[in-house]
Amino acid sequence: MRECKGKIFNIQRFSVHDGPGIRTTVFMKGCNLRCRWCHNPESYERETQIRYFPEKCRECGACSHVCPEGIVVREKMRQNADRCIACGRCVRECPFGALACLGEDKTADEVLDIVARDRKYFDKSGGGMTVSGGEPLLWSGFVSELMARAKETGIHTALDTAFAAPYEAFEQVRPYTDLVLLDLKIMDGELHKRYTGRSNARILENARRLLAEGIKTRIRVPLIAGVNDSEENAWMLRDFLEGYDCVEEIRLLPYHNMGLGKAKGLGMQMEEFAAPDAAQIEKLYRILKEK
Amino acid sequence: MAERYLREQIDEWFERDYRETFMERIERLLESETLFAGEEGAIQYGHTLEHILSGISVVIRENERIAGAVKMWIPTKEEEEHITAVYRKWWDMPTKERHKKILFYYSEGWLKCRPYWFPSFGHLAMDWETILDKGLAWMCRKAKRGLDETCNEDQKTFLTGIILCYEALERFIGRYAAEAGRMGRTELAADLSQIKEGPAKTFVQALQLLWLLTLVLQKVCGCGVLNYSRMDQYLYPYYRRDVEEGRLDREEALRLLEEFFFKNNEIMVQTDHMSQEIQTTAYTLEVAYDDPNYLILGGKRADGSTGVNELSYLMVEAAHDLGLRNPFLVVRYHEGIPKDFWKYSVKAMRDNTTLVLYNDETMIPALKYFKVEEPEVYDYGFFGCNDPNIPAYEGGLRQVWINLARPLELALNQGDYPLKPRGTAHRDERSECQFNIDDRMTGLMTGAYYGTKTKPLEEIHTMEAFLEEYEKQVTYLMGEFRKGFEMDFCVEQKCTRNKMRIEDCFLKGTIENKVTWTEGGTKYHKIVTQGCGVATVINSLYAIDEIVFRKKEMTLPELAGILRNDYKGQEFLAERYKRKLAKFGNDIDEVDRYAKIVTDIFIRAVEAFNGSEYLYQMWPTYSTDRDFTTMGYDVGATPDGRRAREPLSENQSPTEGTDISGLTAMLNSVARIPFEYITGGPLNVRIHPSAVAGEEGLEAMCALFETYMENGGMQLQVNVVDAETLKRAQKEPEKYKTLCVRVTGYSAFFVEMGKKAQEELIRRTEQAV
Numbered sequence: 046m047r048e049c050k051g052k053i054f055n056i057q058r059f060s061v062h063d064g065p066g067i068r069t070t071v072f073m074k075g076c077n078l079r080c081r082w083c084h085n086p087e088s089y090e091r092e093t094q095i096r097y098f099p100e101k102c103r104e105c106g107a108c109s110h111v112c113p114e115g116i117v118v119r120e121k122m123r124q125n126a127d128r129c130i131a132c133g134r135c136v137r138e139c140p141f142g143a144l145a146c147l148g149e150d151k152t153a154d155e156v157l158d159i160v161a162r163d164r165k166y167f168d169k170s171g172g173g174m175t176v177s178g179g180e181p182l183l184w185s186g187f188v189s190e191l192m193a194r195a196k197e198t199g200i201h202t203a204l205d206t207a208f209a210a211p212y213e214a215f216e217q218v219r220p221y222t223d224l225v226l227l228d229l230k231i232m233d234g235e236l237h238k239r240y241t242g243r244s245n246a247r248i249l250e251n252a253r254r255l256l257a258e259g260i261k262t263r264i265r266v267p268l269i270a271g272v273n274d275s276e277e278n279a280w281m282l283r284d285f286l287e288g289y290d291c292v293e294e295i296r297l298l299p300y301h302n303m304g305l306g307k308a309k310g311l312g313m314q315m316e317e318f319a320a321p322d323a324a325q326i327e328k329l330y331r332i333l334k335e336k
Numbered sequence: 039m040a041e042r043y044l045r046e047q048i049d050e051w052f053e054r055d056y057r058e059t060f061m062e063r064i065e066r067l068l069e070s071e072t073l074f075a076g077e078e079g080a081i082q083y084g085h086t087l088e089h090i091l092s093g094i095s096v097v098i099r100e101n102e103r104i105a106g107a108v109k110m111w112i113p114t115k116e117e118e119e120h121i122t123a124v125y126r127k128w129w130d131m132p133t134k135e136r137h138k139k140i141l142f143y144y145s146e147g148w149l150k151c152r153p154y155w156f157p158s159f160g161h162l163a164m165d166w167e168t169i170l171d172k173g174l175a176w177m178c179r180k181a182k183r184g185l186d187e188t189c190n191e192d193q194k195t196f197l198t199g200i201i202l203c204y205e206a207l208e209r210f211i212g213r214y215a216a217e218a219g220r221m222g223r224t225e226l227a228a229d230l231s232q233i234k235e236g237p238a239k240t241f242v243q244a245l246q247l248l249w250l251l252t253l254v255l256q257k258v259c260g261c262g263v264l265n266y267s268r269m270d271q272y273l274y275p276y277y278r279r280d281v282e283e284g285r286l287d288r289e290e291a292l293r294l295l296e297e298f299f300f301k302n303n304e305i306m307v308q309t310d311h312m313s314q315e316i317q318t319t320a321y322t323l324e325v326a327y328d329d330p331n332y333l334i335l336g337g338k339r340a341d342g343s344t345g346v347n348e349l350s351y352l353m354v355e356a357a358h359d360l361g362l363r364n365p366f367l368v369v370r371y372h373e374g375i376p377k378d379f380w381k382y383s384v385k386a387m388r389d390n391t392t393l394v395l396y397n398d399e400t401m402i403p404a405l406k407y408f409k410v411e412e413p414e415v416y417d418y419g420f421f422g423c424n425d426p427n428i429p430a431y432e433g434g435l436r437q438v439w440i441n442l443a444r445p446l447e448l449a450l451n452q453g454d455y456p457l458k459p460r461g462t463a464h465r466d467e468r469s470e471c472q473f474n475i476d477d478r479m480t481g482l483m484t485g486a487y488y489g490t491k492t493k494p495l496e497e498i499h500t501m502e503a504f505l506e507e508y509e510k511q512v513t514y515l516m517g518e519f520r521k522g523f524e525m526d527f528c529v530e531q532k533c534t535r536n537k538m539r540i541e542d543c544f545l546k547g548t549i550e551n552k553v554t555w556t557e558g559g560t561k562y563h564k565i566v567t568q569g570c571g572v573a574t575v576i577n578s579l580y581a582i583d584e585i586v587f588r589k590k591e592m593t594l595p596e597l598a599g600i601l602r603n604d605y606k607g608q609e610f611l612a613e614r615y616k617r618k619l620a621k622f623g624n625d626i627d628e629v630d631r632y633a634k635i636v637t638d639i640f641i642r643a644v645e646a647f648n649g650s651e652y653l654y655q656m657w658p659t660y661s662t663d664r665d666f667t668t669m670g671y672d673v674g675a676t677p678d679g680r681r682a683r684e685p686l687s688e689n690q691s692p693t694e695g696t697d698i699s700g701l702t703a704m705l706n707s708v709a710r711i712p713f714e715y716i717t718g719g720p721l722n723v724r725i726h727p728s729a730v731a732g733e734e735g736l737e738a739m740c741a742l743f744e745t746y747m748e749n750g751g752m753q754l755q756v757n758v759v760d761a762e763t764l765k766r767a768q769k770e771p772e773k774y775k776t777l778c779v780r781v782t783g784y785s786a787f788f789v790e791m792g793k794k795a796q797e798e799l800i801r802r803t804e805q806a807v
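One line per chain: the protein sequences are A and B, in this order. Sequential numbering from 46 applies to the first sequence in our numbering. Sequential numbering from 39 applies to the second sequence in our numbering.
Set out below in structure tokens:
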């Protein structure tokens, strides 16, 4: 059987914000939402991309020498970058680390080899592996294999999803999932569509099924000032989650602008948002916690 | 929080003018030069101490429970110039002559305040337990009994000097007791009277005696950089008895400890001694300016049980409360260390308390390997900067920094040194010993070093064969150091005849053997042998293997040629090697295997020149202190893409900016060093505060560090601070006066460090995860 591969754009060790304990987070490439505040814009596209770091580039020309498509860097810009086939030759050649490959095809075993190296840290801290993205459910075949392997070796698994995918995709992964980290970004359907490009109808429907099944879940809400930091949104979220004991935690993740630099390096335009102030965050937590 | 009066004192201390000087000491010292000129070594020493201690002011402040401080003021310009001129006169001589007067010194700055007839090295732990348990008079009687036995003239002089010192100390404490009485401080006066000659009977008396000794040792004799050793062990009986008998409670003990800790800071000058360029360091006339005193907590006891007790917690709490740089707490990890104490210590680290971790499970085997015996091996500790020490049984300061990148360069050049090829060097240069006398005195390898003639590179066809040549060069340099050391030791034995230093009064063996520790008084004599640039060497060896033997991109002679030319015309190649070759610190087996290979070579070389024929044994550590920059300056380009004269890797860390796979990966790599052969040295870890915030972050940090220890790591020290905070502190120093950071083996207040050191720390912090 041909081993299935997944496109991975980062494996981050010593992750402490993606579930309990010390974790290694595996980031799958490709997302079907387009959240305007996204801090991982390199995860949008499913295909491998080349990221360019103008501040490291000395325009030495090493990349253009090997580029089969004739892409040249001039004036700190990759000219005709749309021709790029992401073969990665320029990345290997660049002496200054000014080019990077985003997205590598890896088998579940290759990923697990890296993840398992921190096994002792997981065991000691109650941590494990988190599969995130992009949207990991777009890779449900690969992810279920990866998580199954992890479970076989006794590693705790978490799935970080925005859930804009068929529930069947989740069902494929479910047997190997110890914990779901569920992003519920905006409760209002219209607003959701405006800021993420999609309605949240399917997300909420999936979420209801998930919670009804009693699967351990932690809710995560990226918090953007003027977008979803209203008390109304918090109340709606609270009502939505009412009565589900499997919800272990609700966490608000204030916006940060670290995605902007990454987007620029990919030739994308992104707007800057702001985080709500501490008092507002506190207020929202109070709404969400009082029951 | 510390009590208000203490807070006020701390605030005042932060405001103190750096020119304030312990002038009384200097004045009395200068007088004694002529007063006791011509006296025999130890007697001149004893009389000098006596003269100073009888003349300096006795300072007792109102709210203090522990007495002992010095009077300071700003000298006039004329006084300052006069003192500087005298200091210069003392030491203005060729190194060969200097050596006859002082066996070892760090730098001109370190030397200047130490008179030639009244020198002390510090960097050790006294037999604190016996001092407290028996008292000064008991020790003095022991010395007197020694005098009654048959003694030769030198031994007589030595013991007479020792007795003079004890008596001077007793009288000094007596003056404190009298002053306390005069002030109507009955309790304090009684405590002081008790410890004047007798043993400490209570917790506060024990701290009082320790403090007055520290004051004299450090501030008068220059015997600083002390190791208080396992204070939670030897003070515990006093604490427990006082609590049981209702004389003391937890809160009062904490208050006393905080006072004691603060005093360790108060006698220091607000500066960073490693930043020689800053005004405060350049100015100081003091013998002690920012010496770190180490204090060891927890750890295994000889019977295998844990040493953690109530006092261990209290001492962490006191340091945490104060947030100052002294004392430098070492918490000794061992299997089965109480979880809550571990968490308590890690929490303090997260809050940037001056607290570091060491691992008993590697340290004890390592020390045993280098012939330290039970039970004293269980009491191991450290003095600044992270150098191993066996309290009471061991003298102290002898040190060499072995630059492990040099033999690599020598192996690539058949023993020649490309930055100054043999052909162009003066004929007699380094002929006697590769380590010239200046380098032997300061322990640093500066300038040109040549190796033994190893195989021509054309004849080397495998990595194993190259490693053999590397090992020959490491061994050769180690042998050269030993040769130089023994030459010096012959001179020392002649010059040290009948001399003493204050530490001889308080060690095990000196009085019994009637000879100063440096000549064999104590049981152990070690040379801290610091392997430097370990990650640079690991990366370079991996690079050679990869470029020459595996990928066959070029031959070994070709690669060596490029390095000799410092990558000239091949700059892109250097950049590529720097970035594209795998590096130590990323948990990659093919690279990390060299951690063991390099360590094995280093240890074999050390062992080749240890043994019963030598009094001093080398104890290997991995530690550069801040000298990775100066050491790098003398090393040409290396195959890891490092250009000539760039810094080496720092302490046990991966090369700057190359560990990019997360903290766990970095720690996994470092744990591949077989630390059960390495007797000390720091691993500086920078953690972004957001990574360890909240209860979850704390738990993660505890698990991270504990796992590292279980994996065979040796030491950990952290700065939990982000680069933004440091930059703000640079701009608004007055708001960040108390921001305390770990540098290498000591802590410093960030705003008092030199600009260069600040920038370096910021650059390194920016990479923190």
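Built from N, CA and C at the ideal position, the CB exists for glycine as well.
Residue from the options with nearest C-alpha to residue i
| i | options | result |
| --- | --- | --- |
| B:Val673 | B:Glu167, B:Ala486, B:Tyr272 and B:Glu235 | B:Ala486 |
| B:Phe587 | B:Met669, B:His499, B:Lys618 and B:Thr668 | B:His499 |
| A:Cys135 | A:Phe98, A:Ile159 and A:Thr222 | A:Phe98 |
| B:Glu304 | B:Asn424, B:Glu191, B:Arg444 and B:Ala107 | B:Ala107 |
| A:Gly179 | A:Thr152, A:Glu276 and A:Phe72 | A:Phe72 |
| A:Tyr300 | A:Tyr289, A:Phe208 and A:Asp322 | A:Asp322 |
| B:Gln531 | B:Thr667, B:Ile64 and B:Lys138 | B:Lys138 |
| B:Leu764 | B:Cys778, B:Met752 and B:Gly751 | B:Cys778 |
| A:Leu256 | A:Ser275, A:Leu286, A:Glu277 and A:Leu236 | A:Leu286 |
| B:Arg520 | B:Leu505, B:Lys564 and B:Gln452 | B:Lys564 |
| B:Leu74 | B:Glu65, B:Glu348, B:Thr637 and B:His85 | Checking the sequence, you will find Phe at residue 74 of chain B rather than Leu. Comparing Cα-Cα distances from B:Phe74 to each of B:Glu65, B:Glu348, B:Thr637 and B:His85, the minimum goes to B:His85. |
| A:Val188 | A:Gly172, A:Gly171, A:Thr206 and A:Gly199 | A:Thr206 |
| B:Thr492 | B:Thr391, B:Met752 and B:Lys510 | B:Lys510 |
Nearest-angstrom beta carbon gap, residue j and residue i [assumed within contact, 8 Å]
| i | j | result |
| --- | --- | --- |
| A:Ile116 | A:Gln124 | 7 Å |
| A:Val225 | A:Lys261 | 7 Å |
| A:Phe215 | A:Leu182 | 6 Å |
| A:Ile200 | A:Val160 | 7 Å |
Residue i beta carbon near the ligand ADP (any heavy atom closer than 7 Å)
| i | result |
| --- | --- |
| B:Lys180 | Inclusion of the ligand ADP in the displayed structure is not the case, the ligand content being empty and no account of it being possible. |
Along the stretch 785-798 of chain B, what residues have a CB closer than 8 Å to any CB found in chain A?
none
query = With contact counted as at least three CB pairs below 8 Å, one residue from each stretch, are the stretch 534-545 of chain B and the stretch 640-652 of chain B in contact?
reply = no
Original post:
What alpha helix (DSSP H) runs, 4 residues minimum, are completely inside the stretch 85-117 of chain A?
Top reply: 107-111
When Cβ atoms are compared, which residues of the stretch 601-623 of chain B fall closer than 7 Å to chain A?
Phe610, Glu613, Arg614 and Arg617
Point to revise | Chain-ordered residues of the stretch 97-112 of chain A with a beta carbon less than 7 Å from chain B | key: Cys105 and Ala107
Worksheet entry | Contact the stretch 329-336 of chain B vs the stretch 274-284 of chain B: 3+ CB pairs below 8 Å | no
Inset, instruction - Assess, as a yes-or-no matter, whether the stretch 718-728 of chain B is touched by the stretch 746-762 of chain B under the definition of 3 or more beta carbon pairs within less than 8 Å. - result: yes
Quick check on the DSSP output: what are the complete alpha helix (DSSP H) runs of length 4 or more inside the stretch 434-488 of chain B, in order along the chain? 443-449 and 475-480
| query | Is the number of C-beta pairs between the stretch 125-134 of chain B and the stretch 381-392 of chain B that are closer than 8 Å three or more? | reply | no
Practice prompt. Go through the stretch 172-210 of chain A residue by residue and report every complete run of the alpha helix (DSSP H) that reaches 4 residues or more, in order.
Written response: Positions of the alpha helix (DSSP H) runs, each at least 4 residues long and wholly inside the stretch 172-210 of chain A, are given as 185-197 in order along the chain.
**Asked** Name the residues in the stretch 159-175 of chain A whose C-beta lies less than 7 Å from a C-beta of chain B; which are they?
**Response** Arg162, Asp163, Lys165, Tyr166, Lys169 and Ser170
inquiry  = Restricting to runs no shorter than 4 residues, where is the alpha helix (DSSP H) found entirely within the stretch 702-758 of chain B?
reply    = Fully enclosed alpha helix (DSSP H) runs of 4 or longer: 732-748.
At 3 residues or longer, and completely inside the stretch 196-276 of chain A: list those beta strand (DSSP E) runs for me, N to C.
201-206, 224-228 and 262-268
Is the stretch 317-325 of chain B touching the stretch 49-63 of chain B in the sense that three or more CB pairs, one from each, lie closer than 8 Å?
-> Using a C-beta cut-off of 8 Å, the stretch 49-63 of chain B makes contact with the stretch 317-325 of chain B, since at least three inter-stretch Cβ pairs fall below that distance.
Problem - the stretch 181-201 of chain B contacting the stretch 256-269 of chain B, beta-carbon criterion three pairs below 8 Å - result: no
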